[in-house]
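Here's the structure, in structure tokens; my notes come after.
Structure below.
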């Protein structure tokens, strides 16, 4: 039955022509999930028996702890993000407390082979925002998932179990090092199962409202992605899978097709490098070029065929992930005209090592959507300084 459900989606999922992918990766994910029966046309979960879940990674509770990993059911995917419900902090008992500025990562896996004949991996990084239960109710209104899926019932029943033990024994013990309760007998496990069944009935009959969910520690979060990628493949692709990437900078940029399996290139020192100990301010001579890019300063370094630029973020805000060091005037060596950056924190230093052509070239830092920032860098190979 599962195979027959997925069969109509096979040819669609294998069609990964970049020109046919949506500019907004969230809408692409929603479209593909709807075809697979995981959600409706508004991106709302259909509930059991079709699985729709993500794996979330957050920082650990204390500095030095391993990242906290947990699996969570997807409730909604819309143009603004991915909505899910958790009990307590997004990272659970082992994760850090909720912080609107903390970065998180998710992975969503769809399909399998040979059964479904395809597999997609969706990955995203971004920040979480907490939304109210009234907002969540409006998003989910009229869907089968609210009535039939027992995820919320399980969470409320766990809260009931904790409270019952505390009342009966005066303590939540025994617990593990993270404060999670241990079962002491099979009778306690049976008691929880009965509680889940009762709370599922309560939800279906409308006897639990938002206040009951909140009292049980349930929270609703939306992942606001800043970068997303999709890796898709299957047995019909003996040449291997395809990987696509999107970056958000005020609006979504992409998709761009990238090498499926990569090592970070263009930022390690490969062979001999020339470090630029000083940079000469040449703003006066390049004012027209500066005006074109809305920049205030230009600096010059002398370079051999391999240049290594040491750049520091001296501002108070991070350079966003997906930014790049881009050639804006002059010739590129071997067609390499940009180097991509991960997020660079305030005060952080990065090294960019790359080959330059025999001609003078000009480079800028710019965001994923092409907005320049920082200074204009002029690289002058030996022999051109007299000019």
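In the numbering used here, the protein residues as written are 17 to 403. Note that CB positions come from ideal geometry on N, CA and C, so glycine has one too. Source: prediction; values computed, not measured.
Chain-order list of residues whose beta-carbon lies under 6 Å from that of residue i (same chain, five-residue window excluded)
i	result
residue 354	340 and 342
residue 302	314
residue 96	none
residue 215	169, 172 and 173
residue 268	39, 40 and 262
residue 104	233
residue 86	72 and 108
Extent of the continuous beta strand (DSSP E) run through residue i
i	result
residue 369	365-371
residue 258	258-264
residue 87	84-94
residue 69	69-74
residue 326	322-328
residue 240	234-249
residue 97	97-103
residue 299	Run containing residue 299: none; DSSP gives neither H nor E here.
residue 380	377-382
residue 404	Since the first residue shown for the chain is 17 and the last is 403, residue 404 is missing from the structure and cannot be characterised.
residue 273	268-274
residue 340	340-345
residue 388	388-396
Simplified DSSP state of residue i, which is helix, strand or coil
i	result
residue 128	strand
residue 176	helix
residue 113	coil
residue 229	helix
residue 220	helix
residue 314	strand
residue 193	coil
residue 283	At residue 283, the pLDDT of 32 sits below 50, so the modelled position is not reliable; the number obtained from the coordinates is stated separately. The answer is coil: DSSP assigns residue 283 none of H, G, I, E or B.
residue 37	coil
residue 13	Only positions 17 to 403 of the chain appear in the structure, and residue 13 is not among them; the question remains open.
residue 60	strand
residue 108	helix
residue 359	coil
residue 165	Caution applies to residue 165, whose pLDDT of 49 falls short of 50 and renders its modelled position unreliable; the model cannot decide the point.
residue 211	helix
residue 78	coil
residue 187	coil
Whole-angstrom C-beta distance between residue j and residue i, which should lie under 8 Å
i	j	result
residue 245	residue 261	4 Å
residue 49	residue 93	7 Å
residue 321	residue 360	With a Cβ gap of about 26 Å, residue 321 and residue 360 do not count as contacting.
residue 311	residue 237	About 38 Å; that fails the 8 Å criterion.
residue 327	residue 366	5 Å
Option in the options with minimal Cα separation from residue i
i	options	result
residue 344	386, 369, 140 and 181	386
residue 306	222, 70 and 380	380
residue 157	59, 179, 198 and 248	59
residue 126	264, 79 and 47	47
residue 273	258, 264 and 239	258
residue 240	119, 111 and 366	119
residue 209	194, 233, 236 and 166	166
residue 356	337, 143 and 332	337
residue 242	383, 37 and 364	383
residue 67	83, 116, 128 and 321	128
residue 369	334, 333, 378 and 323	323
residue 227	192, 212 and 149	149
residue 196	177, 392 and 333	177
residue 184	194, 111, 204 and 333	204
residue 333	325, 364 and 122	364
residue 175	121, 211, 192 and 75	211
residue 349	397, 308 and 134	397
Residue-chain proximity (residue i, chain D), Cβ-Cβ < 8 Å
i	result
residue 102	Although the question refers to chain D, the structure presented lacks it and comprises just one protein chain.
Boundaries of the alpha helix (DSSP H) in which residue i is found, first to last residue
i	result
residue 152	149-156
residue 50	41-51
Close-in-space but distant-in-sequence residues of the same chain around residue i (CB under 8 Å, 5 per side omitted)
i	result
residue 179	none
residue 298	314, 315, 316 and 394
Proximal residues to residue i (C-beta, below 7 Å), its chain only, five neighbours per side dropped
i	result
residue 331	362
residue 88	69, 70, 72, 100 and 102
residue 43	95
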